[in-house]
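Structure first, then comments.
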Amino acid sequence: MTNALPAALLAGVAALALAGPAAALTNPPPCEPGEPRIRCAEFRPGEAWRIIAPPGDSVTVIAAPGSEILTVAGARVAELRENAPPKEWQVAYEGNLAYFTPLAGDIPTSSATLTVRMPNGQLVPHILELNTREGFVNLLPTTAPQADRERMNADTMFSVTFSYPALEAEKRAEEAAKRPALPRPAWPPLRHASQLRGQGS
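The sequence shown begins at 25 in the numbering used here and counts up one residue at a time.
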């Protein structure tokens, strides 16, 4: 499930996670109106993202297609595996998916850092603020009024899907710079109007 990383990289990730609050803390907005439990986020370096889960339920964090989550670091986070030390949050991850599950509803707010290897090989840290709330997921029927569903589920997240417009724009610019320039067409030399009249006589 995980790959071994150099000790220097792991130390850098840990330092980033403990360095204090990021430049901004953002609540991922709903992907579509009327369903606040499915969230989408435009990744920006240096920004932290708030994750909220009820006890015993999982929130799925989805990185870029083709990427791979290499590590998850956090003081209150433990991998979901045999003989893992008990922590307040359990996490399982594979490919570009990570599943965060709180084991209680009164866990202090904490942080976690995902190290994601993007499809181009770039290592990108994703900083998360982990939060819980009391109670369980409110599963109102789809026939319930939209306002009621939004109010009941405003602090519930099933998934957070990241998109990467800045990284994608950078990739497109790099690819454009690598493409050879198209040769200019060899236009015939311009001739004076008097020459053209002479040809027609």
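Idealized CB from N, CA, C, for every residue including glycine.
Using CA atoms only, rank isn't needed, just tell me which of the options is closest to residue i.
i	options	result
Arg100	Met181, Phe182 and Ser135	Ser135
Pro89	Phe186, Arg203 and Lys195	Phe186
Glu66	Leu191, Pro126 and Gly80	Leu191
Thr137	Ile131, Ala201, Gly98 and Pro78	Gly98
Pro78	Glu199, Asn155 and Leu147	Asn155
Leu49	Ala87, Arg68 and Pro189	Arg68
Pro131	Ala122, Gln146 and Gln114	Rather than Pro, the amino acid found at residue 131 in this sequence is Ile. Of the candidates Ala122, Gln146 and Gln114, the one whose C-alpha sits nearest the C-alpha of Ile131 is Gln114.
Run the CB neighbour count on residue i, radius 10 Å, all protein chains shown included, and call it buried at 16 or more, exposed below.
i	result
Asn144	exposed
Pro45	Confidence is the limiting factor: at Pro45 the pLDDT is only 44, short of 50, which leaves the residue's position unreliable, though a coordinate-based value still follows. Burial call: exposed.
Ala47	Any reading at Ala47 must be qualified, since the residue scores a pLDDT of 49, below 50, and its modelled position is unreliable; no value is offered.
Arg63	buried
Glu112	buried
Thr133	exposed
Ala200	exposed
Pro52	buried
Ala35	For Ala35, the pLDDT reaches just 42, beneath the cut-off of 50, and the residue's location in the model is therefore unreliable, leaving the point undetermined.
Ala122	buried
Going by the CB atoms, is the gap between residue j and residue i shorter than 9 Å?
i	j	result
Ile151	Tyr117	no
Arg74	Ser183	no
Arg203	Thr180	no
Ala87	Glu153	no
Asn120	Val96	no
What does residue i pair with, by DSSP beta-bridge criteria?
i	result
Arg74	Glu153
Ser134	Leu154
Cys64	Thr185
Thr92	Sequence check: residue 92 is Glu here, not Thr. Answer by DSSP bridge pairing, in chain order: Arg141.
Thr125	Gln114
When the cut-off is 9 Å and only beta carbons count, does residue i lie next to chain E?
i	result
Ile62	In the structure shown, chain E cannot be found, because there is only a single protein chain.
Just to check, is the beta-carbon of residue i closer than 8 Å to a non-hydrogen atom of the ligand FMN?
i	result
Asn155	Because no ligand of any kind appears in the structure shown, any question about the ligand FMN cannot be addressed here.
Practice item. Determine, using beta-carbon pairs with one atom in the stretch 120–135 and one in the stretch 70–83, whether at least three such pairs fall under 8 Å. Key: yes
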